[in-house]
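Numbering that gives the first Met the number 0 puts the first residue of the sequence shown at 0, with every later residue one more than the last.
These notes are about the structure you will find just below.
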Amino acid sequence: MSNITFTMIKPDAVANGHTGKIIDHVINAGYKIKAMKYLWLTKEQAGQFYAVHIERPFYNDLVSFMSSGPIVAAVLEKANAVADFRIVIGATDPQKADAGTIRQLYAKSIDANAVHGSDSDENAAIESSFFFNSFERF
Ligand code: UDP
Ligand code: MG
Numbered sequence: 000m001s002n003i004t005f006t007m008i009k010p011d012a013v014a015n016g017h018t019g020k021i022i023d024h025v026i027n028a029g030y031k032i033k034a035m036k037y038l039w040l041t042k043e044q045a046g047q048f049y050a051v052h053i054e055r056p057f058y059n060d061l062v063s064f065m066s067s068g069p070i071v072a073a074v075l076e077k078a079n080a081v082a083d084f085r086i087v088i089g090a091t092d093p094q095k096a097d098a099g100t101i102r103q104l105y106a107k108s109i110d111a112n113a114v115h116g117s118d119s120d121e122n123a124a125i126e127s128s129f130f131f132n133s134f135e136r137f
């Protein structure tokens, strides 16, 4: 079990002014920020990041959405980081997300759902290295 997960504050949440509140929520949930970056993905970069979903019907819309405005990418540290962060963010569809989760609080739809969270230790490492070099030294 790794103690690292990877997150993005997605374009909808950044555009709606929720960045600060989401970072606060993450810190209050017990996560230490190991690396953080504010950036605007190109369509090509978003497509590469979400290549795992290339066969899904929502892939093109997802890539357009994720390259539609600036995001915040971060590596987070805590015991049981991946599984606990999925609880902190809530269900993919904010209508189904538990009360008090980031998606329930700050997301409007299943596509524009405020935040990303890694789904496994392996993907947390892959996703972190997509955005950061040697994040483990921070
Ligand atoms: N997504 C979408 N429509 C769907 C399912 C997912 O637009 O029916 C988008 C949504 O932004 C989601 C991302 O694709 O966060 C990745 O999907 P995944 O199933 O991995 O959900 P997550 O792990 O983000 O909860
Ligand atoms: Mg996922």
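All C-beta atoms in this analysis are idealised placements derived from N, C-alpha and C, irrespective of residue type, glycine included.
Bear in mind the structure is a predicted one, so any value in this text is a computation, not a measurement.
Can you check DSSP and say which residues form a bridge with residue i?
i	result
Tyr-49	Note: Tyr-49 sits in no beta bridge, so no partner.
Gly-116	Thr-6
Ile-70	Leu-38
What separation, rounded to the nearest whole angstrom, lies between the Cα atoms of residue i and residue j?
i	j	result
Lys-42	Ser-128	19 Å
Ala-80	Ser-119	10 Å
Phe-137	Leu-75	The predicted position of Phe-137 is uncertain, since its pLDDT is 49 and thus under 50; a value taken from the coordinates is nonetheless stated next. Each residue's alpha carbon lies about 11 Å from the other.
Asn-2	Phe-57	30 Å
Gly-16	Gln-103	16 Å
Phe-64	Ile-22	21 Å
Ala-12	Gln-44	19 Å
Lys-90	Asp-97	Per the sequence shown, residue 90 should be read as Ala rather than Lys. Each residue's Cα considered, the two are about 7 Å apart.
Thr-100	Ile-86	7 Å
Gly-46	Ile-125	15 Å
Ile-26	Pro-10	20 Å
Glu-66	Tyr-30	The residue you asked about is not Glu; residue 66 is Ser in the sequence shown. Ser-66 and Tyr-30: Cα-Cα distance of roughly 26 Å.
Ala-34	Gln-94	30 Å
Ile-109	Asp-60	12 Å
What are the boundary residues of the alpha helix (DSSP H) that residue i is part of?
i	result
Glu-126	120–130
Ala-78	It is not in any alpha helix (DSSP H) - Ala-78 carries neither H nor E in the DSSP assignment.
Grab the span of the beta strand (DSSP E) containing residue i for me, first residue to last.
i	result
Ile-149	Outside the displayed span of the chain (0 to 137) sits residue 149, for which this structure offers no information.
Would you mind giving the Cβ-Cβ distance between residue i and residue j, rounded to the nearest angstrom? I have them listed as a contact below 8 Å.
i	j	result
Val-114	Thr-6	6 Å
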